[in-house]
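Here the structure comes first, spelled out in C-alpha coordinates, and everything after it is commentary.
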Amino acid sequence: MSSTWDTFRDTVAAEFSDVPDAEQFIRIVLRLSIAALLGGLLGLEREHKGKAAGVRTHMLVSMGAAMFVLAAQQAGIDPADNSRVLQGIIAGVGFLGAGTILKGDAESQVKGLTTAAGIWLTAAIGVAAGLGLEFTALLATGLALLIFWAIPLLQEVFQGKGEDAPPSAKD
(Lines of atoms letter the chains of each structure in order from A; the text may use other names.)
(Lines give C-alpha, C1' and ligand atoms only; values in the text may rest on other atoms or scores of the structure.)
Protein backbone atom coordinates (compact mmCIF):
# COMPACT_ATOMS: atom_id res chain seq x y z
CA MET A 2 0.00 0.00 0.00
CA SER A 3 2.82 2.38 0.79
CA SER A 4 4.17 1.86 -2.73
CA THR A 5 0.90 3.19 -4.19
CA TRP A 6 1.02 6.29 -1.98
CA ASP A 7 4.70 6.82 -2.82
CA THR A 8 3.86 6.62 -6.52
CA PHE A 9 0.97 9.03 -6.03
CA ARG A 10 3.15 11.51 -4.10
CA ASP A 11 5.99 11.28 -6.63
CA THR A 12 3.58 11.80 -9.54
CA VAL A 13 2.01 14.87 -7.92
CA ALA A 14 5.46 16.27 -7.13
CA ALA A 15 6.56 15.72 -10.74
CA GLU A 16 3.45 17.45 -12.06
CA PHE A 17 4.22 20.55 -9.99
CA SER A 18 7.91 20.58 -10.85
CA ASP A 19 7.58 23.51 -13.26
CA VAL A 20 8.40 25.78 -10.32
CA PRO A 21 11.75 24.42 -9.16
CA ASP A 22 12.56 27.02 -6.50
CA ALA A 23 11.27 30.00 -4.52
CA GLU A 24 12.86 32.50 -6.91
CA GLN A 25 10.94 31.10 -9.88
CA PHE A 26 7.73 31.00 -7.82
CA ILE A 27 8.10 34.67 -6.84
CA ARG A 28 8.86 35.62 -10.46
CA ILE A 29 5.68 33.92 -11.70
CA VAL A 30 3.52 35.45 -8.96
CA LEU A 31 4.95 38.92 -9.62
CA ARG A 32 4.52 38.79 -13.38
CA LEU A 33 0.95 37.50 -13.25
CA SER A 34 0.02 39.88 -10.43
CA ILE A 35 1.48 42.90 -12.22
CA ALA A 36 -0.35 41.93 -15.41
CA ALA A 37 -3.64 41.59 -13.52
CA LEU A 38 -3.14 44.83 -11.59
CA LEU A 39 -2.25 46.91 -14.65
CA GLY A 40 -5.09 45.42 -16.67
CA GLY A 41 -7.39 46.17 -13.76
CA LEU A 42 -6.37 49.83 -13.78
CA LEU A 43 -7.39 50.14 -17.42
CA GLY A 44 -10.57 48.22 -16.69
CA LEU A 45 -11.43 50.55 -13.82
CA GLU A 46 -11.26 53.51 -16.17
CA ARG A 47 -13.45 51.76 -18.76
CA GLU A 48 -15.94 50.66 -16.13
CA HIS A 49 -16.04 54.19 -14.68
CA LYS A 50 -17.00 55.42 -18.17
CA GLY A 51 -19.81 52.84 -18.29
CA LYS A 52 -18.23 50.64 -20.96
CA ALA A 53 -19.12 46.96 -21.32
CA ALA A 54 -15.59 45.64 -20.80
CA GLY A 55 -14.61 46.54 -17.26
CA VAL A 56 -12.23 45.56 -14.51
CA ARG A 57 -12.57 41.78 -14.64
CA THR A 58 -12.39 41.61 -18.43
CA HIS A 59 -9.25 43.72 -18.60
CA MET A 60 -7.62 41.84 -15.72
CA LEU A 61 -8.31 38.48 -17.34
CA VAL A 62 -7.10 39.61 -20.78
CA SER A 63 -3.87 41.01 -19.35
CA MET A 64 -3.18 38.05 -17.10
CA GLY A 65 -4.11 35.60 -19.86
CA ALA A 66 -1.66 37.21 -22.27
CA ALA A 67 1.03 37.14 -19.57
CA MET A 68 0.27 33.50 -18.91
CA PHE A 69 0.66 32.54 -22.57
CA VAL A 70 4.15 34.02 -22.86
CA LEU A 71 5.16 32.88 -19.37
CA ALA A 72 4.08 29.30 -20.05
CA ALA A 73 5.97 29.34 -23.35
CA GLN A 74 9.11 30.53 -21.54
CA GLN A 75 8.74 27.88 -18.85
CA ALA A 76 8.22 25.18 -21.47
CA GLY A 77 11.60 26.10 -22.91
CA ILE A 78 10.37 27.58 -26.16
CA ASP A 79 13.16 29.39 -27.94
CA PRO A 80 12.64 33.17 -27.67
CA ALA A 81 12.62 33.39 -31.47
CA ASP A 82 9.73 30.94 -31.56
CA ASN A 83 7.81 33.07 -29.07
CA SER A 84 6.73 35.16 -32.05
CA ARG A 85 4.13 32.51 -32.88
CA VAL A 86 2.73 32.77 -29.37
CA LEU A 87 2.55 36.55 -29.76
CA GLN A 88 0.83 36.24 -33.15
CA GLY A 89 -1.80 33.99 -31.58
CA ILE A 90 -2.41 36.43 -28.73
CA ILE A 91 -2.70 39.38 -31.10
CA ALA A 92 -5.17 37.60 -33.38
CA GLY A 93 -7.20 36.10 -30.53
CA VAL A 94 -7.54 39.36 -28.65
CA GLY A 95 -8.51 41.04 -31.91
CA PHE A 96 -11.56 38.77 -32.04
CA LEU A 97 -12.36 39.52 -28.41
CA GLY A 98 -12.11 43.26 -29.07
CA ALA A 99 -14.31 42.92 -32.13
CA GLY A 100 -17.07 41.72 -29.83
CA THR A 101 -17.12 45.11 -28.12
CA ILE A 102 -17.66 47.04 -31.35
CA LEU A 103 -21.26 47.90 -32.22
CA LYS A 104 -22.50 49.52 -35.39
CA GLY A 105 -25.60 51.62 -34.90
CA ASP A 106 -28.17 52.33 -37.60
CA ALA A 107 -28.13 56.08 -37.20
CA GLU A 108 -25.61 57.69 -39.54
CA SER A 109 -23.48 54.52 -39.60
CA GLN A 110 -22.24 55.30 -36.11
CA VAL A 111 -19.68 52.86 -34.70
CA LYS A 112 -19.23 52.48 -30.94
CA GLY A 113 -16.76 50.50 -28.87
CA LEU A 114 -13.62 51.11 -30.88
CA THR A 115 -11.81 52.70 -27.95
CA THR A 116 -12.77 49.82 -25.67
CA ALA A 117 -11.60 47.32 -28.30
CA ALA A 118 -8.31 49.16 -28.68
CA GLY A 119 -8.01 49.25 -24.89
CA ILE A 120 -8.49 45.47 -24.69
CA TRP A 121 -5.85 45.02 -27.37
CA LEU A 122 -3.42 47.26 -25.48
CA THR A 123 -4.27 45.46 -22.24
CA ALA A 124 -3.14 42.21 -23.85
CA ALA A 125 0.10 43.87 -24.95
CA ILE A 126 0.65 45.09 -21.40
CA GLY A 127 0.09 41.55 -20.17
CA VAL A 128 2.62 40.24 -22.69
CA ALA A 129 5.19 42.76 -21.48
CA ALA A 130 4.58 41.80 -17.84
CA GLY A 131 4.75 38.10 -18.71
CA LEU A 132 8.07 38.59 -20.46
CA GLY A 133 9.48 40.37 -17.42
CA LEU A 134 9.31 43.85 -18.95
CA GLU A 135 7.49 45.30 -15.97
CA PHE A 136 8.64 48.89 -16.44
CA THR A 137 7.49 48.84 -20.07
CA ALA A 138 4.12 47.44 -18.97
CA LEU A 139 3.80 50.12 -16.29
CA LEU A 140 4.76 52.90 -18.70
CA ALA A 141 2.24 51.70 -21.31
CA THR A 142 -0.48 51.59 -18.65
CA GLY A 143 0.32 55.12 -17.54
CA LEU A 144 0.26 56.40 -21.11
CA ALA A 145 -3.02 54.60 -21.80
CA LEU A 146 -4.62 56.13 -18.72
CA LEU A 147 -3.35 59.53 -19.82
CA ILE A 148 -4.97 58.98 -23.22
CA PHE A 149 -8.24 57.83 -21.65
CA TRP A 150 -8.36 60.86 -19.32
CA ALA A 151 -6.59 63.71 -21.10
CA ILE A 152 -7.77 63.34 -24.68
CA PRO A 153 -11.50 63.68 -23.84
CA LEU A 154 -10.67 66.82 -21.83
CA LEU A 155 -8.72 68.25 -24.74
CA GLN A 156 -11.55 67.37 -27.11
CA GLU A 157 -14.01 69.22 -24.89
CA VAL A 158 -11.74 72.27 -24.80
CA PHE A 159 -11.33 72.36 -28.57
CA GLN A 160 -14.96 71.53 -29.34
CA GLY A 161 -16.07 74.17 -26.85
CA LYS A 162 -13.94 76.79 -28.60
CA GLY A 163 -15.29 75.65 -31.96
CA GLU A 164 -18.90 76.22 -30.84
CA ASP A 165 -18.17 79.78 -29.71
CA ALA A 166 -16.24 80.64 -32.84
CA PRO A 167 -17.93 82.47 -35.73
CA PRO A 168 -19.28 80.23 -38.54
CA SER A 169 -16.44 81.13 -40.92
CA ALA A 170 -13.87 79.90 -38.38
CA LYS A 171 -15.55 76.47 -38.12
CA ASP A 172 -15.08 75.67 -41.82
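Residue numbers for the sequence shown, in the working numbering: 2 to 172.
For each residue, glycine too, the CB sits at the ideal point set by N, CA and C.
Opening and closing residue of the alpha helix (DSSP H) in which residue i lies
| i | result |
| --- | --- |
| A66 | V56 to Q75 |
| S18 | Neither: S18 is in no alpha helix (DSSP H) and is coded neither H nor E. |
Check whether residue i and residue j have beta carbons under 8 Å apart
| i | j | result |
| --- | --- | --- |
| A66 | G131 | yes |
| V62 | A124 | yes |
| I102 | L87 | no |
Close beta carbons around residue i, own chain, < 7 Å, minus the five adjacent residues each side
| i | result |
| --- | --- |
| E188 | Given a span of 2 to 172 for the chain in the structure shown, any question on residue 188 remains unanswerable. |
| E3 | What sits at residue 3 in the sequence shown is Ser, not Glu. No residues qualify anywhere along the chain. |
| E157 | none |
| N83 | V70 and A73 |
Which residues DSSP lists as bridging residue i, in chain order
| i | result |
| --- | --- |
| L103 | K112 |
Contact set for residue i: own chain, Cβ-Cβ below 6 Å, skip 5 residues either direction
| i | result |
| --- | --- |
| G98 | A117, I120 and W121 |
| L33 | M64 and A67 |
Which runs of the alpha helix (DSSP H) spanning at least 4 residues fall entirely within the stretch 110-159, listed in chain order?
Listed in chain order, the alpha helix (DSSP H) runs fully inside the stretch 110-159 are 114-131, counting runs of at least 4 residues.
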